[in-house]
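Protein chains in written order, with our numbering: chain A, 10 to 363; chain B, 9 to 294. Ideal Cβ placement from N, Cα and C applies to all residues, glycine included.
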């Protein structure tokens, strides 16, 4: 990873709309061939960011460098980049073939060559050849997805941008397409910059993830880093279910004033005095005995949710709700509304400061 | 459920009877009357004579066919000018002016509340010798010019002015139906601004543009007062001939024949256009 040269560099990219600042001075380097995903809730500025990278918006301040060249003022149609839009933005008045051939037609590629390229891309994306003359509006959601990707690939860009193209697709198909997209990324070796509000989606596909919040890039790291070492309460909460409680450091131990309990801390960041302790549901177990974990709490089992291979338990400790897990084989039975022990080992928890 | 469906299906035609009767008496019967009249001998007021094609022959042996050509020609020129004038305005209303669009739409609509004749006489005051335009030019700059009134150009100006909303509003609707992301996508895929316009804007806005074309063309073919007031009867449109035949000349069969011919010509044109530009296909519904 470190040996790869940077293809895209952002230096203090800022975008303001009137008095509203959508993107605040972001610095970021994306490497050649990388699958980089920007995640953030809606309104975090990720779409604005992507539109600036694609050349559809110009930054209010800062520079965008493409292979070392400043491209701030280069319009989208002159950039060697291409975007797959959230709505896919296919041309409804054209066939599948015409859609895919569009960027080639713009470049005056001869018709026979265009068709050959389109059919090749269709084969690569597992679109049946018979679809060539099919009206694109008659294709299913997944097929349209593939047409949009084929059209973008036909442009032969150095970098492909994706603006949440899978958000409107049902879960099962989305899972398939996520994997297909990652395969296409491997096959083409192109740089992919993807945005989504789903960290789960980002986890599956990305080499690196950047988490955005209110126009700031709050953390950049590999999926593993983001998952195991979130640098803020926001990032930790953004990744699915999480148990989180305010704590303060007192003589080498963590004190939860709310629960009246003390815990053994994980590695404590320097300068930490108070913040939040994060324990993922898979690290918080419903215990049979108190000595099974380093930190133990006593609560009431309020509800249970079967997740297939695992079962989640909602355990209430005082006013606070914890989500703990067990493997299906070790499911608790008939314990609703009774007292249970939940616990975790210090190294499975994370301390974040805000 | 099935019973209910069948019952509903049976009730359908029954429920349509009042409207059907109304349309039959109010729309189909007079139309049929006109069509029959067009085949009656000259200057009769009876529908029960032996039919013939004499009235149609009269149109082409006399000068009426010239009127028809003038009407069609003026309408065609008007519609083409309207398309060129209205597209930028429609684009602005749909994409650029934002919250000012409502106000502008209102400004374009308000003249419709004033009688067409009054508005056209307004143009006369503007263009007449020593009027608003020529008078101002004369007193301020000492420039003296011939009035442009009573020319074919003036008729076209009047028609463009009167039928502008009928082109503008469908066109605005059409332009606003083009999704911004689709335009962005074309631009991002390397298309120039002009190519985006040709490949995306124009075809996707086509339903609205087509409706505007047909609406303004059909209305413009029936234009009468523009030629009378601004054209000073220099040009006689077919509608004028029809009016004369029914009133002054008391020749209902001839008037009917001209009306039927106009209807056939316009209907053929509309059907041809609709066949060429199937609105449903353009909209991607079929």
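Paired residues, beta bridge with residue i - DSSP
i: residue 252 of chain A; result: A/288
i: residue 24 of chain A; result: A/32
i: residue 230 of chain A; result: A/218
i: residue 323 of chain A; result: A/312 and A/332
i: residue 262 of chain A; result: A/259
i: residue 160 of chain B; result: Beta-bridge pairing links residue 160 of chain B to no other residue.
i: residue 296 of chain A; result: A/350
i: residue 248 of chain B; result: Answer is none; residue 248 of chain B lacks a bridge partner.
i: residue 276 of chain B; result: Bridge partners of residue 276 of chain B: none, in fact.
i: residue 359 of chain A; result: A/287
8 Å Cβ shell around residue i - same chain, five flanking residues per side excluded
i: residue 66 of chain A; result: 24, 57 and 60
i: residue 170 of chain B; result: 124, 127, 128, 231 and 234
i: residue 94 of chain A; result: 157, 172 and 174
i: residue 138 of chain A; result: 128, 131 and 132
i: residue 160 of chain A; result: 99, 108, 109, 111 and 112
i: residue 79 of chain A; result: 72 and 73
is_contact[residue i, chain B] using C-beta, thresh 8 Å
i: residue 153 of chain A; result: no
i: residue 15 of chain A; result: no
i: residue 91 of chain A; result: yes
i: residue 164 of chain A; result: yes
i: residue 100 of chain A; result: yes
i: residue 126 of chain A; result: no
i: residue 169 of chain A; result: no
i: residue 65 of chain A; result: yes
i: residue 96 of chain A; result: yes
i: residue 160 of chain A; result: yes
Contact set for residue i: own chain, Cβ-Cβ below 7 Å, skip 5 residues either direction
i: residue 20 of chain B; result: none
i: residue 360 of chain A; result: 274, 275, 277, 278, 281, 284 and 286
i: residue 85 of chain B; result: 164
i: residue 285 of chain B; result: 214 and 218
i: residue 152 of chain B; result: 146
i: residue 155 of chain B; result: 135, 136, 137 and 142
i: residue 296 of chain A; result: 302, 305, 350, 351 and 352
Neighbour flag for residue i against chain A, beta carbons, 8 Å
i: residue 72 of chain B; result: no
i: residue 197 of chain B; result: yes
i: residue 209 of chain B; result: no
i: residue 184 of chain B; result: no
i: residue 57 of chain B; result: no
i: residue 200 of chain B; result: yes
i: residue 258 of chain B; result: no
i: residue 15 of chain B; result: no
i: residue 203 of chain B; result: yes
Close beta carbons around residue i, own chain, < 6 Å, minus the five adjacent residues each side
i: residue 57 of chain B; result: 48 and 49
i: residue 368 of chain B; result: For residue 368 of chain B there is no data in the structure shown, the boundaries of chain B being 9 and 294.
i: residue 100 of chain A; result: 108
i: residue 235 of chain A; result: 218
i: residue 180 of chain B; result: 98, 101 and 102
i: residue 345 of chain A; result: 310
i: residue 226 of chain A; result: 35 and 219
i: residue 324 of chain B; result: Lying before the first or after the last residue shown, residue 324 of chain B is absent from chain B, which here runs from 9 to 294.
i: residue 188 of chain A; result: none
i: residue 10 of chain A; result: Low confidence applies here, because residue 10 of chain A scores a pLDDT of 47, under 50, leaving its location unreliable; read the following figure in that light. Cβ within range, chain order: n/a, list empty.
i: residue 208 of chain A; result: 48, 247 and 248
Residue i: CB within 7 Å of a non-hydrogen atom of the ligand MN
i: residue 77 of chain B; result: Here there are no bound small molecules, and the ligand MN is not part of this structure.
Tell me which residues of the segment 72-88 of chain A have at least one Cβ-Cβ distance to chain B shorter than 7 Å, keeping chain order. 85 and 86
May I have a chain-ordered list of the alpha helix (DSSP H) segments no shorter than 4 residues that lie completely inside the segment 91-138 of chain A?
105-115 and 120-133
Using a Cβ cut-off of 7 Å, which residues of the segment 164-193 of chain B contact any Cβ in chain A, in chain order? Against chain A - using a Cβ distance shorter than 7 Å - the residues of the segment 164-193 of chain B are 187, 189, 190, 192 and 193.
**Asked** Which of the residues in the segment 103-122 of chain A, read from start to end, lie with their CB under 8 Å from any CB of chain B?
**Response** Cβ contacts with chain B: 111, 112, 115 and 116.
message = Going residue by residue through the segment 33-85 of chain A, where are the continuous beta strand (DSSP E) segments of at least 3 residues, counting only ones entirely within it?
response = You should have 44-48 and 70-75.
### Task
Check each residue of the segment 207-236 of chain B: if its Cβ is closer than 7 Å to any Cβ of chain A, include it; give the result in chain order.
Those would be 208, 211 and 212, in chain order.
TODO: Give, in chain order, every unbroken run of the alpha helix (DSSP H) that is at least 4 residues long and sits entirely within the segment 139-210 of chain A.
DONE: 150-163 and 180-197
Q. Can you list, in chain order, the stretches of the beta strand (DSSP E) that have 3 or more residues and sit fully within the segment 61-122 of chain B?
A. none
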